[in-house]
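Below you'll find the structure, written out as structure tokens, and then a few comments.
Protein chains: 2
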Amino acid sequence: MTNLSHQGLFTPAGSLAAVDTPCLLLDPQKMDANIARLRQSLEATGTGFRPHLKTAKSVDVARRMFAHGHGPATVSTLAEAEAFAQAGFTDLTYAVGITPCKLPRVAALHRQGTTVSVILDSVEQAEAVADFARRHLPIPALVELDCDGHRSGVCPDDHELLLDIASRLAPAPLLGVLTHAGESYHARGKAALAAAAENERACATRAAHILRAAGHACPVVSAGSTPTAFSAQSRHGLTEVRAGVFVFFDLVQAGIGVCRHEDIALSVLATVIGHQPSKGWIIIDAGWTALSADRGTDSQEKSQGLGMVCDLNGVPLPGLTVLDANQEHGIVACRNPACMPHLPVGARLRILPVHACATATQHDRYHVLGPDGNEITTTWPRFRGW
Amino acid sequence: MTNLSHQGLFTPAGSLAAVDTPCLLLDPQKMDANIARLRQSLEATGTGFRPHLKTAKSVDVARRMFAHGHGPATVSTLAEAEAFAQAGFTDLTYAVGITPCKLPRVAALHRQGTTVSVILDSVEQAEAVADFARRHLPIPALVELDCDGHRSGVCPDDHELLLDIASRLAPAPLLGVLTHAGESYHARGKAALAAAAENERACATRAAHILRAAGHACPVVSAGSTPTAFSAQSRHGLTEVRAGVFVFFDLVQAGIGVCRHEDIALSVLATVIGHQPSKGWIIIDAGWTALSADRGTDSQEKSQGLGMVCDLNGVPLPGLTVLDANQEHGIVACRNPACMPHLPVGARLRILPVHACATATQHDRYHVLGPDGNEITTTWPRFRGW
């Protein structure tokens, strides 16, 4: 065991000592660099940027994504749509299959001046949106495509269903097609990631071609996941890219290979509350309520458990991960127990998130770090719910 | 495929149709029966009832636990302690190892009239609490015991450490000992559960005996987990039982065998948003933000995935579980695909939680059902954070 406490890497001063733990830290410098990286890549190919705001759920973060104005953007709940509409965003895509019971809330946003496009993958949904258009208000819709068997969407080669949905939608406007390469999270290596991105692109553009050949304008061809957004060799035919988790990145994305650990902008600040020396454990006050129970790296080459353990500068401690967690307890262990540092009760650590969307949703605010990375300068509220 | 939609089991009327989904439903009749079951058992053995309020995080639920007055109770965060103190609870145990930085908030509650006892398992914590007592205020403490290697606590047979902690604590009062049989969640069968309960009891009473023999009064001997609370053959020597999840129960507890599915008082109301017929999937609008990512039944004999699927009356649909989830999507599959009912877009389902603490923490309120079980009569707020 190495005694590191004297190095001051675990005994904070100032605001990092004063804040109650566990809490969520955000490094805006890293976040800005992540945003700039994707924006520059999209500008180079002339492709639109419609980030998914489900990761951040924060007006302050969303505003940092756009040099001017508000959006366009993607949301995963109507609560997000309403919050961003209130903050001045006027062009949103609600990227979860629509149900008739949710159309009145979408319509209310339209009446207040925010266009919220919906997505659908069945004739029954198209007929419901068409019926709503005849009775109330035409809401623009995109046909969701299933490019890789991940979850929802029309098979892009099922031309009959694609055209049936498009024709039943009138008088609601058909805005275009949308897909999400969810299976790209399981791609390994640059070639596999590039292939996933190309498959996503080809699927979306092929479906758009079918619709256009049948006389539908199909102005929007939307694709995107963080792994494919950073791996595409071509974006030809795509009009916009949606990605969400890139804004913060996380250990799953680092494991996939689309970011480095030092790009991860989020961490959970935790305090040591005990030890089990016979097991080589350090107990911290960040359980699954603070970290989430997402174990997304368990299926990767190297599991990071429930998070990677860093010092107060955000530098990973070799081999230290959160092995397991209960509601308010995290169990930190070291891959090589002989290298476990001695961290006294009261020492503070930063835990990098396995899945930034899941970790962030456990918190009501971001504690925003200053330029030196070890002082909290402000807090930004997050919202949640539906 | 069976068409069940005409049966009205999935097309709600009234408040279950009007409410936005996903949302959290609470059946107070089931909850009251669960509370009564534990209370009656404890009254029969003359053992105190100090329920863990971390599951409910609701003043309304907490009040239903006590026929008269408020508490005593157990909490897992200082935010819970502050909320329940404000609601009139005056005797709380903060059952997560104390750190010096948290003592000022504990002291503030004492000054406002609420006793918050803390727990500790090391000499360094005892010295910090003693030092705080000399400088500010004596806060009562319990020594945490590790009865089964689950997580934190002093080995009850480490008499030297136990007595060392007790003697260093003065002038802060030593209230007693506390343990939690976390490993009882992995016990299978009545005999194993009874053995886990007896081990927990024996461990706590043995440590109390050691302390008393050395001249410490040790008035409190506290034990409890939901599995052991319902499996104890004897409570001799215990002064109180802590349990939390029993108030709602869940699929993990049903898998352990301490409740039936029909005792589970919580469920998530979700809406069907799509289908993948080729895979036999129904897509619902409850993802891990609504259900949590807890897969606690995966290690049991029968996995329930991320939840068991029920009709609007809360009756399980044979073989239907939530196979997987993304942020706002749940994938429902059937163990026998030929028995998958046809549920149209817009149909509503109730999902029983794998782990009630984890599911509840994803929501800001309970939608409370009326006596007939299919009408929402009120909402009860929940709180979270630290």
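So the protein lines, in turn, are chains A and B. Under our numbering, the residue at position 70 of the first sequence is numbered 70, and the numbers go up by one with no gaps. Under our numbering, the residue at position 138 of the second sequence is numbered 1138, and the numbers go up by one with no gaps. Heads up, the beta-carbon is just placed ideally off N, CA and C, and yes, glycines get one too.
| Asked | Found |
| --- | --- |
| Residue 20 of chain A in three-state terms, based on DSSP | coil |
| Cβ neighbour criterion (16 or more within 10 Å) applied to residue 236 of chain A | exposed |
| Own chain partners of residue 1218 of chain B with C-beta closer than 6 Å, once the 5 adjacent residues on each side are dropped | 1176, 1208, 1211, 1212 |
| Distance CB(residue 1362 of chain B)-CB(residue 1289 of chain B) smaller than 9 Å | yes |
| Ranges of the alpha helix (DSSP H) found wholly within the segment 259–304 of chain A, counting only runs of at least 4 | 288–291 |
| Three or more C-beta pairs below 8 Å linking the segment 1190–1200 of chain B and the segment 1141–1156 of chain B | yes |
| Touch test, the segment 1304–1311 of chain B against the segment 1353–1371 of chain B, Cβ-Cβ under 8 Å, three pairs minimum | yes |
| Interfacial residues, the segment 1096–1111 of chain B to chain A, with Cβ spacing under 9 Å | 1096, 1097, 1098, 1099, 1100, 1101, 1102, 1105 |
| In DSSP terms, what residue 1324 of chain B is bridged to | B:1331 |
| Residue 179 of chain A versus residue 108 of chain A - alpha carbon distance | 26 Å |
| Range covered by the beta strand (DSSP E) that runs through residue 1255 of chain B | Residue 1255 of chain B -> not in any beta strand (DSSP E); alpha helix (DSSP H) instead, spanning 1251–1256. |
| Buried versus exposed call for residue 1254 of chain B [16 or more other C-beta atoms within 10 Å across all chains shown] | buried |
| Chain A within 9 Å of residue 1218 of chain B, Cβ atoms only | no |
| Sequence-distant residues of its chain with Cβ nearer than 8 Å to residue 1190 of chain B (five each side left out) | 1231, 1257 |
| Close beta carbons around residue 1035 of chain B, own chain, < 7 Å, minus the five adjacent residues each side | 1064, 1065, 1247 |
| Interface residues of chain A facing residue 1276 of chain B [CB-CB closer than 8 Å] | 146, 151, 152 |
| Residue of B:1010, B:1011, B:1017, B:1009 minimising C-alpha distance to residue 1367 of chain B | B:1017 |
| Nonlocal neighbours in the same chain, by C-beta distance under 6 Å from residue 2 of chain A, ignoring five residues either side | Confidence in residue 2 of chain A is poor, its pLDDT being 49 and thus under 50, which makes the residue's placement too unreliable to answer from. |
| Under 8 Å by beta carbon: chain B residues contacting residue 326 of chain A | 1151, 1182 |
| Chain-ordered chain B contacts of residue 171 of chain A [CB-CB under 9 Å] | Those within 9 Å of residue 171 of chain A in chain B number zero; the least Cβ separation is about 20 Å. |
| Neighbourhood of residue 216 of chain A by C-beta distance below 7 Å, restricted to the same chain and skipping five residues each side | 166, 174 |
| Pairwise C-alpha distance: residue 116 of chain A and residue 72 of chain A | 10 Å |
| Residue burial classification, residue 140 of chain A (beta-carbon count within 10 angstroms, cutoff 16) | buried |
| Beta carbon of residue 291 of chain A nearer than 9 Å to that of residue 353 of chain A | yes |
| Proximity of residue 223 of chain A and residue 240 of chain A at Cβ, strictly below 9 Å | yes |
| Chain A contact for residue 1386 of chain B (CB, 9 Å cutoff) | yes |
| Rounded C-alpha distance that separates residue 317 of chain A from residue 344 of chain A | 16 Å |
| Secondary structure, alpha helix (DSSP H): runs of 4+ residues fully inside the segment 22–96 of chain A | 28–45, 59–64, 78–86 |
| Below-9 Å beta-carbon distance, residue 1124 of chain B vs any chain A residue | yes |
| Same chain, Cβ closer than 7 Å to residue 1044 of chain B, neighbours up to 5 away in sequence not counted | none |
| Chain B contact residues for residue 118 of chain A, given Cβ-Cβ distances below 9 Å | Under the 9 Å cutoff, chain B gives no residues; its nearest Cβ is about 11 Å from residue 118 of chain A. |
| Contained beta strand (DSSP E) runs [length at least 3] in the segment 1141–1177 of chain B, N- to C-terminal order | 1141–1145 |
| Coil, strand or helix - residue 1011 of chain B by DSSP | coil |
| Beta-carbon separation (whole angstroms), residue 1182 of chain B vs residue 1272 of chain B, contact threshold 8 Å | At roughly 37 Å, the Cβ-Cβ gap does not stay under 8 Å, so residue 1182 of chain B and residue 1272 of chain B are not in contact. |
| Residue closest to residue 75 of chain A, alpha-carbon to alpha-carbon, out of A:48, A:92, A:293, A:59 | A:92 |
| Beta-carbon proximity of residue 1269 of chain B to residue 1023 of chain B, cut-off 9 Å | yes |
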